[in-house]
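As structure tokens, the structure follows; a few thoughts come after it.
There are 2 protein chains.
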Amino acid sequence: MIIHTIKELRELVKGWRKEGLSVGLVPTMGALHAGHRSLIEKSVSKCDKTVVSVFVNPIQFCPGEDLDKYPRTLNADEQLVSDAGADVVFAPSPKEMYGEGHILSNDFLTYVIPPYFYVDKLCGKSRVGHFDGVCTVVNKLFNIVQPDFAFFGEKDRQQLIILKKMVKDLNIPVEIIACPIVREESGLALSSRNKYLSDEQKKDALVLSKILFNIKACYNKGITNVSELVETAYAFLNSNHSLEYLEFRDCENLEEKKVADSDTIVFIALKVGNVRLIDNIKLS
Amino acid sequence: MIIHTIKELRELVKGWRKEGLSVGLVPTMGALHAGHRSLIEKSVSKCDKTVVSVFVNPIQFCPGEDLDKYPRTLNADEQLVSDAGADVVFAPSPKEMYGEGHILSNDFLTYVIPPYFYVDKLCGKSRVGHFDGVCTVVNKLFNIVQPDFAFFGEKDRQQLIILKKMVKDLNIPVEIIACPIVREESGLALSSRNKYLSDEQKKDALVLSKILFNIKACYNKGITNVSELVETAYAFLNSNHSLEYLEFRDCENLEEKKVADSDTIVFIALKVGNVRLIDNIKLS
Numbered sequence: 001m002i003i004h005t006i007k008e009l010r011e012l013v014k015g016w017r018k019e020g021l022s023v024g025l026v027p028t029m030g031a032l033h034a035g036h037r038s039l040i041e042k043s044v045s046k047c048d049k050t051v052v053s054v055f056v057n058p059i060q061f062c063p064g065e066d067l068d069k070y071p072r073t074l075n076a077d078e079q080l081v082s083d084a085g086a087d088v089v090f091a092p093s094p095k096e097m098y099g100e101g102h103i104l105s106n107d108f109l110t111y112v113i114p115p116y117f118y119v120d121k122l123c124g125k126s127r128v129g130h131f132d133g134v135c136t137v138v139n140k141l142f143n144i145v146q147p148d149f150a151f152f153g154e155k156d157r158q159q160l161i162i163l164k165k166m167v168k169d170l171n172i173p174v175e176i177i178a179c180p181i182v183r184e185e186s187g188l189a190l191s192s193r194n195k196y197l198s199d200e201q202k203k204d205a206l207v208l209s210k211i212l213f214n215i216k217a218c219y220n221k222g223i224t225n226v227s228e229l230v231e232t233a234y235a236f237l238n239s240n241h242s243l244e245y246l247e248f249r250d251c252e253n254l255e256e257k258k259v260a261d262s263d264t265i266v267f268i269a270l271k272v273g274n275v276r277l278i279d280n281i282k283l284s
Numbered sequence: 285m286i287i288h289t290i291k292e293l294r295e296l297v298k299g300w301r302k303e304g305l306s307v308g309l310v311p312t313m314g315a316l317h318a319g320h321r322s323l324i325e326k327s328v329s330k331c332d333k334t335v336v337s338v339f340v341n342p343i344q345f346c347p348g349e350d351l352d353k354y355p356r357t358l359n360a361d362e363q364l365v366s367d368a369g370a371d372v373v374f375a376p377s378p379k380e381m382y383g384e385g386h387i388l389s390n391d392f393l394t395y396v397i398p399p400y401f402y403v404d405k406l407c408g409k410s411r412v413g414h415f416d417g418v419c420t421v422v423n424k425l426f427n428i429v430q431p432d433f434a435f436f437g438e439k440d441r442q443q444l445i446i447l448k449k450m451v452k453d454l455n456i457p458v459e460i461i462a463c464p465i466v467r468e469e470s471g472l473a474l475s476s477r478n479k480y481l482s483d484e485q486k487k488d489a490l491v492l493s494k495i496l497f498n499i500k501a502c503y504n505k506g507i508t509n510v511s512e513l514v515e516t517a518y519a520f521l522n523s524n525h526s527l528e529y530l531e532f533r534d535c536e537n538l539e540e541k542k543v544a545d546s547d548t549i550v551f552i553a554l555k556v557g558n559v560r561l562i563d564n565i566k567l568s
């Protein structure tokens, strides 16, 4: 089943609530892959009813980013959602979510803004305003669906940490469930943006997981000095890679780590051609 | 009954919900007067259960404002709430609401930020960040109580308009009920800050309502040119008054009016001594 309006979705969920059923929400931007599927399956196993939202959220794209060419595959998405056992796809239009004209200017929209300390680093540094858009749309989806649980992938780890912080700071009555990264056999983390990669670029893209796995192996052998661990990455990089960041940060509050420990996440972002890819790993 | 923790309040409300009861919320900063009482009575008449929150919200005070000396009268507040027929006072500590240290820096707190167009004028101009603090705390209270209705006074009209916008923009499942200004027989709008006024200053404070009532009378006689209406105010002002603004704006979106109509609100703010007072009236 697919629903396009907020009103219809609310009525559906209200009916479930009356029956005392628990509700899970899996917010996505569509172009669903096995990573999303694992989130949906987690929700289906944990909750009586599962809503999967498919919405390419314009306000989380920065100027010059890929809003227009972001892959949109609603029919395939609906099939995957149904195969995974979820109950409904919620696919609103930008107008349904933001009204006429709202998208044109920040001056006329109420925003949910994550703390500066959480966004002045990693992806937030190059994608200015991105997490404002993410927090705002997720807040809206939470208010529309009022789920008991919401499922997010660890692939977008900074996003996950920021959303957990939002839920805590604003006392939102939703529990966020983090789901592990799903990888191809090659190690490549699944991402809707992998569709932009040529076969050649896909090989180059393996460097992200290779660097992370190697750092974790070094850490497991007892190396905890972050400078030393960072240095191990350079052997993997060549002129096809444009490294944006490789950083070691705390899994709760994103503080920088000089010495790696079991609460450390290693974050990496780099470009292969014009495609920006991210990955991360927890050292535990 | 008085409750100080979020957890206890949630349990109480959950019990009400199970019984199918409707819930009203009256958010206040305490120092309750007959204006608040009218909000509480409205909620009691409309909802099965009424929560009155009493919380002097530190993040809505600007540097140099009266946070420390803001009147705190919790015992009297509790009595008034009970007399007015409400069910519970929710009086959390700043630590309960914001956790340790959060108040010290914006960099570590998720904020709900109203649109720039709504805050770059009227009280928002002199009270920078004030409405960010208001939206954030009201959003938190909505998430904690999850009321069906929330009651706000028209005395703080810019706040009311901004909160309605927040509810719309973020799809918050709460209906905001606006309640009319309560005035002394003299015309003075009730305000917790009236406690700061000496008897002499109280007489000077009558100028706000006098100006507004006179403008409305002129409008009713057919004068709609805003410049002309503004000019009628000057006869009332003397050296005891320091006028901050007198503006004519739309009741929905705060756009400026050059010609007054039935959707126009007249806003006034001025200082009597060190006490900043506000008032407003709708021309309908």
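Protein sequences appear in the order of chains A and B.
Residue 1 is where the first sequence starts when you use the working numbering, and the numbers rise one by one after that.
Residue 285 is where the second sequence starts when you use the working numbering, and the numbers rise one by one after that.
Glycine included, each C-beta is placed from N, C-alpha and C at the ideal position.
Keep in mind that this is a model prediction, so the values were computed, not measured.
Identification of residues in the stretch 94-126 of chain A having a C-beta nearer than 9 Å to some C-beta of chain B yields M97, Y98, G99, H102, S105, N106, D107, F108, L109, T110, Y111, V112, I113, P114, P115, Y116, F117, Y118 and D120, given in sequence order. Between the C-alpha atoms of R276(A) and L270(A) there is a straight-line separation of about 6 Å. The beta carbon of A434(B) is closer than 6 Å to those of L309, V458 and I460 in its chain, skipping five residues each way along the sequence. For I6(A), the residues of chain B that pass the 7 Å Cβ criterion are N455, in the order they occur in the chain. Think of a sphere of 9 Å around the beta carbon of Q146(A): the chain B residues whose beta carbon falls inside it are Q430 and P457, in chain order. Every beta strand (DSSP E) of 3 residues or more that sits fully in the stretch 295-373 of chain B is shown, in chain order, as 307-312 and 333-338. Assignment of alpha helix (DSSP H) within the stretch 108-149 of chain A, counting only whole runs of 4 or more residues, yields 116-119, 123-126 and 130-145 in chain order.
Proximity of M450(B) to chain A, defined by a Cβ-Cβ separation below 8 Å, is satisfied. Among the bridge pairs identified by DSSP, K555(B) is matched with S526(B) and R560(B).
Among the residues of chain B, none has a CB under 9 Å from the CB of K49(A); the nearest is roughly 18 Å distant. A straight-line Cα-Cα distance of about 24 Å links P115(A) and D148(A). In chain order, I2 and V89 place their CB closer than 7 Å to the CB of E78(A), counting only its own chain and leaving out the 5 sequence neighbours on each side. Within the same chain, Cβ atoms closer than 8 Å to the Cβ of T289(B) are found at P376 and E380, the five residues on either side in sequence being excluded. Under the three-state reduction of DSSP output, D534(B) falls in the strand class. As computed with DSSP, R183(A) is found in a beta bridge with A189(A). Here DSSP, grouped into helix, strand and coil, assigns I290(B) to helix. Bridge pairing for E175(A): F149(A) [DSSP].
When DSSP states are grouped into helix, strand and coil, E256(A) belongs to the strand group. Note that the C-beta distance between V44(A) and G15(A) is not below 8 Å. Cβ-Cβ distances below 6 Å link H33(A) to L190 in the same chain, with the five nearest sequence neighbours on each side left out; the list follows chain order. Separation of the CB atoms of I215(A) and L206(A) is rounded to 15 Å, and the pair is thereby denied contact status at 8 Å. Sorting C179(A), T224(A) and S284(A) by C-alpha distance to the C-alpha of G35(A) places C179(A) at the top. Excluding sequence positions up to five before and after V226(A), its CB lies within less than 8 Å of the CB of F248, K257, K258, V259 and A260, all in the same chain and listed in chain order. Within a 10 Å sphere around the beta-carbon of D169(A) sit 16 or more other beta-carbons, which makes this residue buried. T394(B) places its beta carbon 8 Å or farther from that of K125(A). A direct Cα-Cα distance of roughly 30 Å separates G20(A) from V134(A).
Annotation for E228(A): the continuous alpha helix (DSSP H) segment containing it runs V226 to E231. Under the DSSP assignment, I162(A) falls in the alpha helix (DSSP H) whose first and last residues are R157 to D169.
Counting of Cβ neighbours within 10 angstroms places P27(A) among the buried residues, the total reaching 16 or more. Distance from the CA atom of E244(A) to the CA atom of F108(A), rounded to whole angstroms, is 33 Å. By the neighbour-count criterion, in which a residue is buried when 16 or more other Cβ atoms sit within 10 angstroms of its Cβ, S262(A) is exposed. Rounded to whole angstroms, the gap between the alpha carbons of H130(A) and A31(A) is 19 Å. Across the stretch 526-542 of chain B, CB contacts with chain A closer than 9 Å involve N537, in sequence order along the chain.
DSSP links I565(B) through a beta bridge to V550(B). When secondary structure is reduced to three states using DSSP, A375(B) falls in the coil class, being assigned neither helix nor strand. Taking 8 Å as the threshold, the shortest C-beta distance from K330(B) to chain A does not fall below it.
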